[in-house]
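J.:
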Amino acid sequence: MTPAPAAPMLLVTRPEPQASDWVRRLQALGLQARALPLLAVGPAPDLAPLRAARAALVPGALVMFVSPNAVLQSAAAGFFDAAWPAGVRAGATGPGTVQALRGQGVPAEAIVAPGADATAFDSEHLWQQLRHEDWRGRPVWIVRGEGGRDWFAETARAAGAQVQLVQGYARGAACWTPEQRQWLSDALAAPEAHCWLFSSSEGLEHLAAAAPGAEWSRARCLVTHPRIAAAAQSLGLGTVDLIGVGVEAVAQVWGQGASIQSAPNGEP
């Protein structure tokens, strides 16, 4: 009897240490996975604006964190050293950011995020939870990397909020070990034996730079948001599947061999 072919190797492209954590959790669920980060995340070059924002928090204010990395790098800069101030809310784009905030001691009642039944976890769905409030004159800080989408800032300003953008961390291309470079070569040589897990459109730009001229038409990927799906399609990946957010969502569709939707969900 011919043995069944091995399941494709899942290549987790989140920044470290999230990538390795995801690999451990996926392996615990019986899936093959390797960490091949496309982004590296580190401290912001100037921590003074972040610390100034923390000192300026007043009741009625909102601090919106764009990702778990925004929370973790802010924590490293001392943003959460003191108790979370009363009357201040922390905005999160999805469950990963909510979990990171809870891990830093922010009370659940102070966190606002898209509902569990949201069709996507992003700025637009966070705003759905906030849009009915009167934002005139209220301070809003958005903690993010350098650059990024301005949709939430523009929307909050249009509602009358006093919005400030704060760089909470720096992003760049990840530095790979020789072993990880070999994993990329393996994935390019045998695309059917691999599946990419993309969590960032920017990460796809770094992948394109790491493999100039690569042929992607036979490659497959899983993504958590339509914007990432569009970036993967632009790169030329042949199969782009849109799934839910989190390790369990990957395990559910991949481990059961279920048919995966090819369009929307997720937190970048």
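Those letters in the sequence shown? Residues 792 to 1059, per the working numbering, in order. Each residue gets a CB set at the ideal place from its N, CA and C atoms; glycine is no exception. These figures come from a predicted structure and were not determined experimentally.
1) To which residues of the same chain is residue 944 closer than 7 Å at the C-beta, ignoring the five residues directly before and after it?
2) Quick one: any contact between the region 861–879 and the region 992–1009, if contact means 3 or more CB pairs under 8 Å?
3) Thinking residue 935 and residue 846 are a contact (beta carbons under 8 Å), I'd like their distance in whole angstroms, please.
4) Look up residue 989 in the DSSP assignment and give the residues it is bridged to.
5) Residue 823 by DSSP, collapsed to three states: which one?
6) Determine whether the beta carbon atoms of residue 859 and residue 887 lie at a separation below 8 Å.
7) Can you give the beta carbon distance from residue 817 to residue 802, rounded, assuming they're within the 8 Å contact cut?
8) Please report the distance separating the alpha-carbon of residue 896 from that of residue 866.
9) Compute the Euclidean distance between the alpha carbons of residue 977 and residue 969, then round it to the nearest angstrom.
10) For the beta strand (DSSP E) holding residue 802, just list the boundary residues, first then last.
11) Just how far apart, CA to CA, sit residue 889 and residue 813?
12) Check each candidate in 798, 829, 809, 808 and name the one with the smallest Cα separation from residue 963.
13) Starting from residue 880, follow its DSSP beta bridges and name the residues at the other end.
14) Helix, strand or coil, according to DSSP, for residue 920 in the structure here?
15) Closest to residue 876 by C-alpha separation, out of 825, 885, 902, would be which residue?
16) Report all residues from its chain with a CB closer than 6 Å to the CB of residue 853; omit the five preceding and five following residues, and keep chain order.
17) Are there 16 or more other CB atoms within 10 angstroms of the CB of residue 926, so buried, or fewer, so exposed?
18) Let me make sure I understand the geometry here. Which of 909, 922, 819, 832 has the alpha-carbon closest to that of residue 806?
T.: Reading from the atomic positions:
1) Numbered from its first residue, the sequence shown carries residue 944 at position 153. Excluding residues within five positions, the ones whose Cβ falls inside 7 Å are 933, 954, 956.
2) Verdict: no, contact absent.
3) Here the question's residue 935 lines up with position 144 in the sequence shown. Here the question's residue 846 lines up with position 55 in the sequence shown. That belief does not hold up - the Cβ atoms of residue 935 and residue 846 are roughly 19 Å apart, past 8 Å.
4) Your numbering for residue 989 matches position 198 in the sequence shown. 1014, per the DSSP bridge assignment.
5) Locating residue 823 in the sequence shown gives position 32, counting from the first residue. Coil.
6) Along the sequence shown, one-based indexing puts residue 859 at 68. Along the sequence shown, one-based indexing puts residue 887 at 96. Closer than 8 Å, so yes.
7) Position 26 of the sequence shown, counted from the start, is the residue given in the question as residue 817. Position 11 of the sequence shown, counted from the start, is the residue given in the question as residue 802. About 11 Å separates the CB atoms of residue 817 and residue 802; that is not less than 8 Å, and the two are not in contact.
8) As a first step, residue 896 must be located in the sequence shown, where it is residue number 105. As a first step, residue 866 must be located in the sequence shown, where it is residue number 75. Those two C-alpha atoms are separated by around 10 Å.
9) Working through the sequence shown from its first residue, we reach residue 977 at position 186. Working through the sequence shown from its first residue, we reach residue 969 at position 178. Those two C-alpha atoms are separated by around 12 Å.
10) As a first step, residue 802 must be located in the sequence shown, where it is residue number 11. Here the beta strand (DSSP E) through residue 802 covers 800–803.
11) Here residue 889 is taken as the residue at index 98 of the sequence shown, counted from 1. Here residue 813 is taken as the residue at index 22 of the sequence shown, counted from 1. Cα to Cα, residue 889 sits roughly 17 Å from residue 813.
12) For the purposes of this step, residue 963 is taken as the residue at position 172 of the sequence shown. It is 829.
13) Reading the sequence shown from its first residue, position 89 is the one you call residue 880. Residue 880 pairs with 853.
14) By 1-based counting over the sequence shown, the position of residue 920 is 129. Residue state, collapsed to three classes: coil.
15) On the sequence shown, residue 876 is found 85 positions in, with the first residue counted as 1. Ranking the options by Cα distance to residue 876, first place goes to 902.
16) Within the sequence shown, numbered from 1, the residue matching residue 853 stands at position 62. Correct list, in chain order: 880, 882, 931.
17) Counting from 1 along the sequence shown, the entry for residue 926 is found at position 135. Classification of residue 926: buried, given that the 10 Å Cβ count is 16 or more.
18) Here residue 806 corresponds to residue number 15 of the sequence shown, with the count starting at 1. Ranking the options by Cα distance to residue 806, first place goes to 832.
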